[in-house]
Structures are given as C-alpha cells and as structure tokens.
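In the working numbering, the protein residues as written are 17 to 108.
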C-alpha cells in the first residue's frame, strides 16, 4: 500500500477486477507528498478509506467510465488538503 520512490512515499491500491473498466486502470497511485514514514502511513490510511468508499459507490450506483476523472479529482483535493494542513501532519 505504501512504497518509497526516492525520498517521497507513494500510495498504491489495487482496483478490484469488476471496477477496472470503469476506472480505466488496475491500480490507484498517488504521491503522499511526504518523506516522513509516520505521516505517510496516516495519509495512506485516509486514502484507503476514501478509495474503499468510492469503490462501494461505483458498485452501488453503476457509475459510468467517467467516474475515473471524478475519483481522481477527489483524491487530488484530499492531497491538497493534506498540504494545506502540512504543519499539523508533519510536526505531530
């Protein structure tokens, strides 16, 4: 779920087989925008919860392949929120 690429940690979550067509790829990858392992774990768990909820919505609502862009926008927004609150995440 978390791996390090250079100094920065990354989040990676496999997309369930039944949702690959809707999302257009077999995994979700996002930079966690930190080199601090503890902060990376906190951010990754937040993303896991968000992604699992998104998977449930995709299954329940039968959303179209355009859902990929919507999920990407939500994940980008969450990461931007992490950056705005960066002092809280990195100093705790």
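Built from N, CA and C at the ideal position, the CB exists for glycine as well.
>> Which same chain residues end up closer than 6 Å to residue 46 when comparing Cβ atoms and leaving out the 5 residues on each side of it in sequence?
In response: 27, 91
> Taking just the CA atoms, how far does residue 56 sit from residue 35?
Replying inline: The alpha-carbon atoms of residue 35 and residue 56 are separated by roughly 26 Å.
>> Let's see if you can read the secondary structure: which residues bound the beta strand (DSSP E) around residue 43?
In response: 43-47 is the extent of the beta strand (DSSP E) around residue 43.
> Going along the chain, which unbroken runs of the beta strand (DSSP E) with 3 or more residues stay wholly within the region 51-78?
Replying inline: none
>> Please tell me whether residue 83 and residue 48 are closer than 8 Å, where the distance is taken between their beta carbons.
In response: no
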